[in-house]
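Single-structure report; data block below.
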Amino acid sequence: MEISLDKVATSVLFVIMTSLSCMILNWVWLRPKYLERCLRKQGLVGNSYRLFFGDTKDSSMMIKQACSEPIELSGDIVPRVLPFEHHTVKHYDGSCELDVWPYLENLSSDVISRAAFGSSYKEGRRIFELQKEQAQLVVKVGQSVYFPRLRFLPTKTHRRMKEIEREVQDLLMGIIKKREKAGKGRNDDLLGILMESNSREIKEFSNKKSVRMSIKEVTMILNEALRLYPPAALLLRIIHKETKLGNLIIPAEVEIALLTILVHHDYELWGENAIQFNPKRFLEGISKVTKGQVSFFPFGGGPRICIGQNFALIETKMALSIILQNFLFETSSSYAHAPCSIITVQPQFGTHIILHKI
């Protein structure tokens, strides 16, 4: 009987180990090579699949090298923000002085906090500090070697990410409960005030051509800024089922990277002055300048487009109007132009400008 049980246990263990080995083999080699063959058969080129690390090392080295020094103010930011992607596409396709950045971050955080919860930035500040730290941890994890179920291991990074998640949830619930207890109406929210104020101003100034022109010019400037410096340098999407895209058949589980910043800086789409700041290109609107092509998508597109895009544009216009009523500003000589991508495109060394009181 003991011999029989030993044989059964050995057999079960053998089956489990064999199944596990097959799963690992499929994950680390068979499935990636299958996807690579499917894509190469359709004429797509790129680096061959490499076990475990893939292009992670090359990408990390290029990012480190790109971030080692600033660039000229009028220089091309693509090689610095997405160095690996830029290299790959180029290789295979041929083709008072003040750093205003933390203040702009605070402004966005304050506006979002007040609009969503009716709370001051002081109450919501911790949430945004945690989210910023979480973004840095996500980038760190994304550049490391990935193993299935690794995120469940209690590593220092994963523990910290879990702690941040719990703390953010607790803070959000605290703000929500405080709001419910206070019983404030929506008119106390900044969003409600903004919408009411915006509607009132539109009615009041709808017949004044000069104001309409001013709003149009600001919109042109914002669109051009978003073209050159989109909030996200790239967007990632995973194909959940086999999809036909033009002449390509993309298998399920393939990850697609929409290189927003490369499209926005493409010379064929935007002309010889593609990397130059020229708001006049949007003089006749987005549809005219893009000629009906999907070549301008700073907030993404389709059903997963950023739900806060209109709110962000209104916030920016209001902030600009307040600043320009009180100050003139110019770029500081100490400003180092060094855009980088940490989830979003942002200045590596801050945004130093000189403000002059009007």
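Position 173 of the sequence shown, counting from 1, maps to 173 under the UniProt record's numbering, and the rest follow consecutively.
Using N, Cα and C, we set each Cβ at its ideal position, and we do this for glycine too.
Beta-bridge pairing of residue i - partner residues as DSSP gives them
i	result
residue 363	Nothing about residue 363 can be read from this structure; the chain reaches only from 1 to 358.
L235	L258
I250	T243
T344	I342
D99	H352
residue 359	An answer regarding residue 359 cannot be provided, because it is not within the stretch 1 to 358 covered by the chain.
H337	I71
Sequence-distant residues of the same chain with beta carbon closer than 8 angstroms to residue i, five excluded per side
i	result
I215	K317
L51	V28 and W29
I239	I250, P251, A252, E253, V254, E255 and I256
Rounded distance between the beta-carbons of residue j and residue i, thought under 8 angstroms
i	j	result
M220	F282	4 angstroms
S59	F84	4 angstroms
D99	G350	4 angstroms
L137	T155	Rounded, the Cβ-Cβ distance is 11 angstroms, inconsistent with contact.
S341	A233	4 angstroms
Cβ neighbours of residue i in the same chain (closer than 7 angstroms, five flanking residues each side left out)
i	result
I305	F299
Backbone CA spacing between residue i and residue j [nearest angstrom]
i	j	result
H337	V15	59 angstroms
E330	E255	42 angstroms
I261	S68	20 angstroms
G43	I63	28 angstroms
A312	S108	8 angstroms
I358	Q131	36 angstroms
L222	N326	20 angstroms
K244	I250	6 angstroms
L328	L236	39 angstroms
E36	V139	25 angstroms
N26	L248	24 angstroms
S210	V218	Any answer about S210 is weak, because its pLDDT of 49 lies below 50 and its placement is not dependable; what the coordinates show is given next. For S210 and V218, the distance between alpha carbons rounds to 12 angstroms.
V12	P32	29 angstroms
A319	Y103	11 angstroms
D170	E133	17 angstroms
Buried or exposed by the 16-neighbour rule on C-beta atoms within 10 Å, applied to residue i
i	result
L20	exposed
F296	buried
D110	buried
E315	buried
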